[in-house]
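Heads up, the sequence shown is in this note's numbering, so the first residue is 2 and it goes up one at a time. As structure tokens, the structure follows; a few thoughts come after it.
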Amino acid sequence: MAKILVVAESQGDMPERATLSAITAAREASTILDSGFDILVVGGPGATRDAAALTCYGAEHVLLVEDATMSVYLAENFVDTVSSVARGYSLVVAAATTFGKDLLPRVAGNLDAAYAADCSGVTEEAGALSFKRPMHAGNVLGFVKLGTRIQVATVRQCDFEAAVPSAGKSPIQVLQSVAPGKAAARIEVVSQKVMQNDRRSLADAKTVVSGGRALKDRFFEILDPLASVLGAAIGATRIACHAGYAPGNLQVGQSGNMVAPRLYIAIGISGSIQHVAGMRGSKVIVAINRDPQAPVFQLADYGLVADLFEAVPEMVRHIQLARKDVGAH
């Protein structure tokens, strides 16, 4: 029997990139534990499609709970069903997204299980699992061993590659949902608004262009052209999001998205600890700021002290000219 359970995010479409990272973490843990893993899909109509899409990733079983009352995610409606399934496993893992960080601590509480959040690695220590966790905004790496029979963990998707399909198909096992507890009756979902975003996803981007509050209401006017010529995703600091210059789903930082692209361009960003925690894993970091003492320059591989409102349009212009020259030859 599989000892590891991956809790998938069900959106009624292709598997979420975050879920594929959680599967990679489960594969690594399964090697240590010498066991297989199952994938649990819980959701409303459309969850069947998600389950079918996840049958090619090497799980022993894909467990499916499809219930119309779970069409809109609400932790109180999900937690009892997920906890009931999880009782048969030694490790329960999900991605450290809003979904995972909201649901899995509640599951751990239900199961009286130890919980490790935001893990960036899974290793072996004396035959047991050890979870690597960035602490103090990423300035310290800790290795945590959980002592309960059932262990629960969320993993950072930027630190685990997306799983690739494997040979064979996993059987789908249909399970029944568990009636939610009393807490669910006290909460009503009045409406749900899904933000439409035609920009490249932060989770998958190889290049990220991020802006801070210095951009003010010219945030997208300045960043969109650069992101376009680089094929980059756009990110933002917490303060820029809170000020309304950028939507909250673009926030990069300890309380936002964790990214580790090949190239990260920080524009008008001072380099607060909170923001750095979300992007310090980037392969190459470029900073543009008119303050030569800005902390971001201590982290950057390349720095430009300049007025961003002049420097960024110049960068765009030179990139476009260089591409025209290459095309002409």
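All residues carry an ideal CB built from backbone N, CA and C; glycine is no exception. No experiment lies behind these values; they were computed from the predicted model shown.
8 Å Cβ shell around residue i - same chain, five flanking residues per side excluded
i, result
"D302", "V285, I286 and V287"
"R28", "F38, G59 and A164"
"L75", "A185, I188 and V190"
Reference residue i; option with closest CA among the options
i, options, result
"I289", "A237, G212, M259 and A129", "G212"
"V42", "L55, L34, D35 and I33", "L55"
"K207", "A307, K194 and A234", "A234"
"A30", "A127, L104, S131 and A53", "S131"
"L92", "I268, L6, L251 and P296", "L6"
"V73", "E189, I270, G269 and I320", "E189"
"A87", "F100, L104, G47 and M71", "L104"
"R324", "S271, I268, A295 and V230", "V230"
"S273", "A76, A115, L300 and L264", "L300"
"D119", "S271, K133 and D113", "K133"
"D225", "R201, P296 and H243", "R201"
"L65", "M71, L176 and M136", "L176"
"P135", "H243, F144 and P46", "F144"
"I33", "G89, E125 and N111", "E125"
"E17", "G47, D51, D35 and P46", "D51"
"A9", "Y265, A109, E162 and V63", "V63"
"A69", "G47, A109, A53 and V141", "G47"
"H1", "G128, H243, R318 and Q252", "Lying before the first or after the last residue shown, residue 1 is absent from the chain, which here runs from 2 to 330."
"L147", "A127, T49 and G269", "A127"
"G232", "Y265, K170 and C57", "Y265"
"R214", "C57, S271, K194 and P166", "S271"
"E162", "N111, L21, Q294 and L322", "L21"
"E77", "N111, T49, P166 and A53", "N111"
"C57", "H137, P166 and A129", "P166"
"A129", "A53, D35 and E67", "D35"
"P293", "G269, R318 and V141", "G269"
Boundaries (first-last residue) of the alpha helix (DSSP H) holding residue i
i, result
"A76", "A76 to A87"
"Q275", "I274 to V277"
"A48", "A48 to A54"
"V230", "F220 to L231"
"F144", "That residue, F144, is in no alpha helix (DSSP H); its beta strand (DSSP E) goes V141 to V145."
"V94", "Note, V94: premise wrong, no alpha helix (DSSP H); beta strand (DSSP E) at L92 to A96."
"T99", "T99 to L112"
"L34", "R18 to L34"
"A184", "K183 to A186"
Nearest-angstrom beta carbon gap, residue j and residue i [assumed within contact, 8 Å]
i, j, result
"G254", "T238", "7 Å"
"T25", "K102", "T25 to K102, Cβ: 18 Å. No contact."
"G304", "F298", "5 Å"
"F220", "A204", "The Cβ separation is near 21 Å, so there is no contact."
"G279", "G257", "6 Å"
"A23", "A95", "5 Å"
"S85", "G44", "S85 to G44, Cβ: 16 Å. No contact."
"T149", "A117", "11 Å between Cβ atoms; not a contact."
"Y90", "I151", "7 Å"
"V153", "V123", "Not really, about 13 Å apart at Cβ, beyond 8 Å."
Delimiting residues of the beta strand (DSSP E) encompassing residue i
i, result
"S211", "T208 to G212"
"L300", "It is not in any beta strand (DSSP E) - L300 instead sits in the alpha helix (DSSP H) that spans V297 to L300."
"R134", "A129 to M136"
"I286", "V285 to I289"
"V42", "F38 to G44"
"C242", "Note, C242: premise wrong, no beta strand (DSSP E); alpha helix (DSSP H) at R239 to H243."
"L64", "V63 to E67"
"Y246", "First-last for Y246: undefined, no H or E at that position."
"C159", "First-last for C159: undefined, no H or E at that position."
"C57", "Counting along the chain, C57 falls outside any beta strand (DSSP E), and DSSP gives it neither H nor E."
"Q174", "I173 to V175"
"E10", "E10 -> no beta strand (DSSP E), and no H or E assigned at all."
"E126", "G122 to E126"
"A261", "A261 -> no beta strand (DSSP E), and no H or E assigned at all."
"G169", "Segment: none, G169 is in no beta strand (DSSP E) and carries neither H nor E."
"L305", "Y303 to L305"
Residues near residue i by beta carbon distance below 6 Å, same chain, minus five either side
i, result
"T98", "A19"
"A247", "F220, A237 and A241"
"A228", "V210 and I235"
"I223", "L216 and V313"
"K157", "Looking at the sequence shown, residue 157 is not Lys but Arg. The answer, listed in chain order, is A97, D119, S121 and M259."
"I320", "V230"
"V317", "P226, L227 and V230"
Cut-off 7 Å between Cβ atoms - residues of its own chain near residue i, not counting five sequence neighbours on either side
i, result
"A307", "I289 and R291"
"C159", "M259, V260, A261 and G282"
"R263", "K207, T208, K284 and V285"
"D218", "Y246"
"K170", "T56 and C57"
Proximity test, Cβ basis, 7 Å: residue i and chain D
i, result
"G148", "Note that chain D does not occur in the displayed structure, where there is just one protein chain."
Distance cut-off 6 Å: residue i Cβ against heavy atoms of the ligand MG
i, result
"M136", "For the ligand MG, the structure offers nothing, since it holds no ligand at all."
Check whether the segment 174-188 and the segment 74-85 are in contact - that is, three or more C-beta pairs closer than 8 Å. Taking 8 Å as the limit for Cβ pairs, the verdict is that the segment 74-85 does touch the segment 174-188.
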